[in-house]
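The structure under discussion appears below in the form of structure tokens.
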Amino acid sequence: MRAHEAGAMHGDIGDRGPGWLRPPADVNALVPQLWPRQVERGANGALTVAGLDVRELAAGYGTPAYVLDEDDLRSRARDFRAAFPDADVYYAGKAFLCRAVVRMIAEEGLHLDVCSGGELATALSAGMPAERIGFHGNNKSVAELTRALDAGVGRIILDSFTEIDRLTALARERGVRPGVLIRVTVGVEAHTHEFIATAHEDQKFGFSLAGGAAAAAAFTVIDEGVLDLRGLHSHIGSQIFDTSGFEVSARRVLALQAQIRDARGVELPELDLGGGFGIAYTTQDDPATPDELAKRLRKIVDSECAAENLAVPHLSIEPGRAIVGPAVFTLYTVGTVKDVDGLRTYVSVDGGMSDNIRTALYDASYSATLANRASTAEPMLARVVGKHCEAGDIVVKDEFLPADVQPGDLVAVPGTGAYCRSMASNYNHVPRPPVVAVRDGRARLIVRRETEEDLLALDVG
Ligand SMILES: Cc1ncc(COP(=O)(O)O)c(C=O)c1O
């Protein structure tokens with residue numbers, strides 16, 4: 361189902377769910393790949409995270425709340441470090457960023473990508489070493505670039521000729537030589553199990569490879585000699601399970617690398633393959649481990665380099681979702697349960713599209729479970745919806761919940777660490793939920809809940 365512009369009322373309301381969704385043998389069972397590693401259903405039936413009962417979390421911090429299993433996030437970061445020992449792993453901060461997460465990422469030895477002045481400020485204020493920060497974006501302002509240069513950011517990913525001119529002028533003024541990459545639009549778009557390779561690239565990011573802009577950008581930077589061109593960068597999409605898109609993109613980008621070598625005698629020392637590695641949102645998703653990814657990507661780069669007679673460059677990757685996504689679940693309280701004429705049961709929770717826009721925006725699929733107790737009731741196909749004044753305000757399109765789910769129950773939605781809090785809004789003047797990190801049986805507030813006072817504080821008219 362694609363969310364209809366006019367709301368779900370105009371969509372396929374009679375839909376009985378996707379063909380793959382089957383009533384579970386045990387509606388209380390947790391599917392391990394969907395949940396943070398330390399989430400279990402305790403003997404009393406309630407979920408626990410790192411030993412802490414979610415009912416205690418709900419009582420202490422309220423709902424909705426994002427609950428982060430800190431050791432899960434850290435272990436995913438470590439898994440990427442271990443799988444790519446001689447590459448740099450840049451955590452894509454756009455997935456979710458706050459100071460505590462910056463510190464976790466830094467402590468686990470990762471680098472960090474930011475793509476705005478606000479993300480840069482967050483990273484610097486939490487003590488991320490500037491040389492481990494990469495700065496992305498298709499429209500970085502002079503103020504943002506100045507700040508990045510003054511802070512000594514390790515690399516800036518160039519996205520337009522205007523930006524090359526801007527940064528060159530700023531670097532000249534300051535007498536500095538910042539490291540830069542050129543973002544190449546390789547004509548590969550990958551999402552989930554499919555990728556499309558096209559000859560031209562109609563999108564706002566990067567320099568077109570097919571049109572020759574990417575080569576021209578590299579020649580400009582090399583010929584000016586002001587910026588330190590470290591390498592090429594490509595990012596092909598999101599929620600990718602199939603590495604064949606990376607194969608095509610690596611082939612194209614390394615062909616450009618060879619072209620630059622042949623034209624200017626410069627062999628660029630680095631190559632960034634971007635992020636986009638998929639995670640499990642439903643039982644249908646079976647993501648590769650970082651080890652498997654590393655093996656496949658290494659093989660692709662080695663063979664493409666051999667074909668072009670290039671030395672293998674120093675690699676970097678930029679996973680966001682794959683590090684933070686599975687480490688978080690959102691805890692909601694059920695407010696109403698409504699059976700609509702035998703068509704569908706709507707379970708309304710106390711959040712919605714303001715804390716998870718991905719379902720409405722991308723038609724994303726999620727899973728859910730009853731969190732405060734186990735149930736002996738039959739599985740019932742339900743739709744988990746929010747409290748917003750919008751018919752398309754859907755959190756989980758289709759999920760089996762126990763038929764006795766009732767107001768006051770807690771429902772947990774896993775896989776909400778990436779692009780949920782970071783894309784959260786105040787739609788309907790709903791304050792944004794807190795982020796609570798749990799480790800060793802102890803909870804710690806890392807982002808507090810917004811209050812109505814916060815909302816009114818901005819309203820100065
Ligand atoms: C340049 C770049 N790198 C990395 C990422 C992270 O993607 P993901 O969180 O899917 O790994 C993105 C996401 O859009 C991106 O644009």
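In my numbering, the protein residues as written are 361 to 821.
The beta-carbon is built from N, C-alpha and C at its ideal position, and this holds for glycine as well.
Predicted model only: the values in this text are computed from it and were never measured.
Hey, would you say residue i sits closer than 8 Å to residue j, going by beta carbons?
i: residue 487; j: residue 471; result: no
i: residue 621; j: residue 627; result: yes
i: residue 409; j: residue 798; result: yes
i: residue 795; j: residue 458; result: yes
i: residue 636; j: residue 598; result: yes
i: residue 686; j: residue 396; result: yes
i: residue 755; j: residue 773; result: yes
i: residue 615; j: residue 668; result: yes
i: residue 682; j: residue 639; result: yes
i: residue 593; j: residue 632; result: yes
i: residue 801; j: residue 412; result: yes
i: residue 327; j: residue 524; result: As shown, the chain starts at 361 and ends at 821. That puts residue 327 outside it, with no answer to give.
i: residue 654; j: residue 443; result: yes
i: residue 768; j: residue 693; result: yes
i: residue 427; j: residue 691; result: yes
Going along the chain, which residues of its own chain have a beta-carbon closer than 6 Å to the beta-carbon of residue i, five neighbours each way excluded?
i: residue 373; result: Because the pLDDT at residue 373 is just 44, under 50, the model does not fix this residue reliably, and the value given afterwards should be weighed accordingly. The answer is none, since no qualifying residue turns up.
i: residue 369; result: Residue confidence for residue 369 is low, a pLDDT of 41 falling below 50, so the modelled location carries little weight and cannot support an answer.
i: residue 367; result: The predicted model places residue 367 with a pLDDT of 40, which falls under 50 and marks its position as unreliable, so this point remains unresolved.
i: residue 735; result: 762 and 764
i: residue 377; result: 741 and 758
i: residue 490; result: 511, 512 and 513
i: residue 383; result: 739 and 760
i: residue 477; result: 504
i: residue 405; result: 733 and 734
i: residue 704; result: 743
i: residue 436; result: 683
If I measure Cβ to Cβ from residue i and keep anything under 7 Å in the same chain, skipping five residues before and after, which residues do I get?
i: residue 757; result: 361, 719, 725 and 743
i: residue 814; result: 791
i: residue 498; result: 519, 520, 564 and 565
i: residue 713; result: 720, 746, 748, 750, 753 and 787
i: residue 394; result: 640, 727, 774 and 775
i: residue 441; result: 449, 468, 469 and 470
i: residue 573; result: 567
Grab the span of the alpha helix (DSSP H) containing residue i for me, first residue to last.
i: residue 462; result: 459-467
i: residue 544; result: Run containing residue 544: none in the alpha helix (DSSP H); it sits in the beta strand (DSSP E), 539-545.
i: residue 651; result: 650-668
i: residue 806; result: Run containing residue 806: none in the alpha helix (DSSP H); it sits in the beta strand (DSSP E), 802-807.
i: residue 435; result: 430-443
i: residue 421; result: 414-421
Among the candidates the options, whose CA atom is the shortest distance from the CA of residue i?
i: residue 676; options: 537, 558, 451 and 396; result: 451
i: residue 710; options: 654, 418 and 387; result: 418
i: residue 787; options: 810, 653 and 766; result: 810
i: residue 642; options: 426, 526, 733 and 552; result: 552
i: residue 431; options: 460, 463 and 398; result: 398
i: residue 480; options: 390, 388, 573 and 496; result: 496
i: residue 803; options: 648, 429 and 591; result: 429
i: residue 651; options: 666, 445, 427 and 731; result: 445
i: residue 344; options: 448, 701 and 401; result: The structure shown does not extend to residue 344, since the chain is modelled only from 361 through 821, so no value can be given for it.
i: residue 541; options: 515, 568, 560 and 462; result: 515
i: residue 501; options: 715, 806 and 475; result: 475
i: residue 539; options: 591, 793 and 403; result: 591
i: residue 584; options: 821, 570 and 531; result: 531
i: residue 420; options: 386, 816 and 805; result: 805
Could you check how far apart the C-beta atoms of residue i and residue j are, in whole angstroms? I think they sit under 8 Å.
i: residue 771; j: residue 728; result: 5 Å
i: residue 596; j: residue 550; result: 5 Å
i: residue 656; j: residue 603; result: 5 Å
i: residue 455; j: residue 779; result: 6 Å
i: residue 453; j: residue 425; result: 21 Å between Cβ atoms; not a contact.
i: residue 464; j: residue 433; result: 6 Å
i: residue 579; j: residue 623; result: 7 Å
i: residue 537; j: residue 587; result: 7 Å
i: residue 660; j: residue 606; result: 6 Å
Along the beta strand (DSSP E) that carries residue i, what are the first and last residues, could you check?
i: residue 448; result: 448-452
i: residue 760; result: 754-762
i: residue 555; result: 554-557
i: residue 772; result: 770-774
i: residue 796; result: 795-799
i: residue 491; result: Note, residue 491: premise wrong, no beta strand (DSSP E); not H, not E.
i: residue 782; result: Unbroken run through residue 782: none, as it is neither H nor E.
i: residue 685; result: Taken as a continuous stretch (DSSP letters only), residue 685 belongs to no beta strand (DSSP E), as it is neither H nor E.
i: residue 570; result: Here residue 570 belongs to no beta strand (DSSP E), and DSSP marks it neither H nor E.
i: residue 534; result: Here residue 534 belongs to no beta strand (DSSP E); instead the alpha helix (DSSP H) covers 521-534.
i: residue 677; result: 674-677
i: residue 599; result: 597-600
Kindly list the residues whose CB is nearer than 8 Å to the CB of residue i, restricted to its own chain and excluding five residues on each side of it in sequence; keep chain order.
i: residue 608; result: 546, 548, 555 and 557
Compare the C-beta of residue i against all C-beta atoms of chain D and say whether one is closer than 8 Å.
i: residue 670; result: Any reference to chain D falls outside this structure, which holds one protein chain only.
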